[in-house]
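Just below is one structure, and these are the notes that go with it.
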Amino acid sequence: MLILYSVFFYIFLLIIFILTTVLFFKIEKIKALNSRIDRLQKLVSELDEQAKLIVRTDIELNKTQEELDKKIMALYALQHISREISKNLDESTIFNHVQSSYIEDMGFEKSLIFLWDDKKREFKNVLNIGYSRTEEESITHKLEVDLYLKLIETNKTISSFYSSDELLSKKIKELFKVNLFVIAPILPKEGTKGFIFVGTESSGAVLTAGNEELIGILANQISQALENARLFEKTWQAQQELERKIEEKTMQLSSALEEIKLISKRKTDFVSAVSHELRTPLTSIKGYASILLSESLGPLSEAVKERLEKINRHSNELTKLVNDLLDISRIEAGKIVMKEEVLNLKEIILEVLDLINVQLKEKEIKLTVDLAKDAEYVLADRQQLERVFINLLGNALKFTPPKGKIFIKTSSIDKLCQIDITDTGIGIPQESLRSIFDEFYRVDNPINQQVKGSGLGLSLVKRIVEAHGGNIWVRSKLNEGSTFSFTIPKAEKTG
Ligand code: ADP
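Residue numbers (the numbering used here): 77 to 571.
Listed below in structure tokens is the structure:
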């Protein structure tokens with residue numbers, strides 16, 4: 077029995093041991109489970125926190141998106157206003173196209189722009205959005221001029237949400253009947269200064285530093301537009317003034333021109349009449365001298381013959397002078413019409429060379445002719461063109477010392493033929509080049525002191541060339557030589 081009890085006891089002990097062991101493991105498992113549950117709970121709460129954060133971030137993001145949208149709208153509005161005001165260059169109509177929707181898009185439903193009238197010393201309203209005429213008049217009337225002038229001069233933007241001056245802010249709110257506002261100065265470098273006011277009655281409106289900044293930018297754009305308008309006005313006025321002066325001067329010039337034309341006509345008529353009158357007695361003098369020289373009225377002594385020959389020579393020179401003068405005045409008056417003959421340049425040049433050949437030989441001057449193939453024919457008056465060559469070649473011959481050289485060169489330039497006559501003569505001083513084609517102008521040089529001349533040759537040549545529609549000019553270097561160049565129309569015919 078004892079043994080049985082002992083066995084039971086041991087079995088009992090064994091069971092207890094087993095149960096205790098099982099319990100121990102269970103407890104351990106529960107502990108492990110509990111710690112896992114704790115971890116899970118922590119995880120869940122963390123997840124919960126994250127979910128809340130996500131929701132919060134989402135809300136924030138939506139808000140930011142909304143604000144961003146508003147800012148974009150405001151920026152668009154700013155762009156629209158800038159475009160509208162910069163389109164117009166008239167100060168009085170600059171703000172005509174600023175719509176209320178633009179101001180609303182910037183977060184405000186009321187706006188006033190005032191510009192300073194320096195003469196009347198008062199602010200003048202140029203833009204009204206959101207106020208009745210009576211309200212606008214009342215605000216304009218109550219504006220404290222000094223306060224706003226000071227605001228403009230200090231160039232500071234003030235607003236109800238960032239103002240350090242509560243009293244001023246309150247004053248402005250009361251005057252403009254708004255809860256939130258921005259006032260920005262308009263201060264162009266040139267032109268009328270002023271300020272822009274924008275405001276909203278809604279106290280719940282969310283306005284930030286961004287809105288204030290935007291209105292500041294708008295005020296700058298307005299300043300720029302006013303500056304442009306002023307500059308345009310100035311330029312326009314200057315242009316008007318210039319046009320007026322030009323008109324005045326043109327009138328003065330044209331009346332002076334008329335007078336010059338009249339004087340010139342009188343001079344031409346006078347020269348023409350005098351030359352004409354001189355020709356008749358000159359012809360008689362020459363005629364009588366010739367009769368006397370022929371000794372048909374009786375024999376003459378050598379001394380008388382010599383004097384009569386002098387009379388003859390001088391009357392020839394005088395006749396040439398009178399003829400040249402008469403021709404100059406006739407061409408000037410358009411009384412000599414240039415014939416349009418197709419002339420072979422080579423022929424003309426050879427004919428003239430024939431006339432001066434003896435003198436060329438006497439002075440041992442070498443003459444070279446270089447004719448262009450494409451400028452063979454010209455359209456000109458044969459007699460007059462010959463006079464041009466005779467005068468220019470005569471001068472080249474006269475002013476080139478013995479053993480010198482003369483070149484004649486022709487070339488084709490579009491519809492014109494250019495003729496250059498170059499010599500290696502005494503040249504013309506630089507200061508005389510301007511006057512060389514003037515009537516009676518002669519350079520004071522040793523040759524001119526010895527050889528007589530009228531100073532009419534080049535003047536006549538210039539008029540003939542110009543009457544043909546050509547041009548004449550000279551290049552020269554003292555003691556080296558001169559080149560007289562002139563143009564004359566080419567003839568269509570080339571062969
Ligand atoms: P004139 O030969 O009768 O003096 P022109 O009118 O033909 O009158 O010439 C005016 C002046 O131009 C001349 O007196 C001379 O001083 C200058 N001149 C003209 N051609 C030449 C030339 N080829 N070389 C140097 N001087 C010249």
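Glycine included, C-beta positions come from ideal geometry on N, C-alpha and C.
Remark: the C-beta of residue 397 is outside contact range of ligand 1, defined as less than 7 Å to any heavy atom.
Note that the C-beta distance between residue 492 and residue 548 is not below 8 Å. Ligand 1 approaches residue 518 closely enough that one of its heavy atoms is under 7 Å from the residue's Cβ.
Non-local C-beta neighbours of residue 252 in its own chain, meaning closer than 8 Å and more than five positions away in sequence, comprise 186, 188, 215, 273 and 275, ordered along the chain. With fewer than 16 other Cβ atoms inside 10 Å of its own Cβ, residue 357 counts as exposed. With a cut-off of 8 Å on Cβ pairs, the region 513 to 521 is not in contact with the region 461 to 469, counting fewer than three such pairs. Under the DSSP assignment, residue 103 falls in the alpha helix (DSSP H) whose first and last residues are 78 to 163. With 16 or more other CB atoms across the displayed protein chains lying within 10 angstroms of its CB, residue 460 is buried. When secondary structure is reduced to three states using DSSP, residue 417 falls in the strand class. Residue 174 carries a coil assignment under DSSP once its states are collapsed to helix, strand and coil. DSSP, read as helix, strand or coil, puts residue 517 in coil. Excluding five sequence positions before and after residue 149, the CB atoms of its chain that fall closer than 6 Å to its own CB belong to 181, given in chain order. Checking the 7 Å criterion, the Cβ of residue 504 is within range of a heavy atom belonging to ligand 1. Runs of the alpha helix (DSSP H) spanning 4 or more residues and lying entirely within the region 180 to 229 occur at 209 to 218, in chain order. Scanning its chain for C-beta atoms nearer than 8 Å, with the 5 sequence neighbours on each side dropped, one finds around residue 523 the residues 474, 475 and 502, in chain order. Counting C-beta pairs with one atom in each stretch, the region 246 to 261 and the region 216 to 228 have three or more that are closer than 8 Å, which means they touch. Relative to the non-hydrogen atoms of ligand 1, the Cβ of residue 465 never comes closer than 7 Å to any of them. In the DSSP secondary-structure assignment, residue 551 is bridged to 559.
The three-state secondary structure of residue 509, taken from DSSP, is coil.
For residue 512, the Cβ falls inside the 7 Å cut-off from some heavy atom of ligand 1. Per DSSP, reduced to three states, the secondary structure at residue 275 is strand. According to the DSSP assignment, residue 338 belongs to the alpha helix (DSSP H) that extends over 285 to 369. Apart from the 5 residues on each side of it in sequence, residue 527 sits with its Cβ closer than 8 Å to the Cβ of 474 in its chain, given in chain order.
For residue 197, the CB contacts under 8 Å within the same chain, skipping 5 residues up- and downstream, are 221 in chain order.
The beta carbons of residue 192 and residue 184 sit about 22 Å from each other, so the pair does not count as a contact at 8 Å.
Cβ-Cβ distances below 6 Å link residue 415 to 457 in the same chain, with the five nearest sequence neighbours on each side left out; the list follows chain order. Under the three-state reduction of DSSP output, residue 496 falls in the strand class.
Residue 446 is bridged by DSSP to 485.
Taking residue 489 as the centre and dropping the five residues before and after it, the same chain places the C-beta of 563 closer than 8 Å to its C-beta, in chain order. Here residue 377 carries a coil assignment [DSSP, helix/strand/coil]. Using a Cβ distance threshold of 8 Å, residue 499 and residue 485 do not count as a contacting pair.
Burial is judged here by how many other beta carbons sit within 10 angstroms of a residue's own beta carbon; residue 425 has at least 16 and is buried.
Between the beta-carbon of residue 224 and that of residue 271 there is about 6 Å, and that keeps the pair under the 8 Å contact cut.
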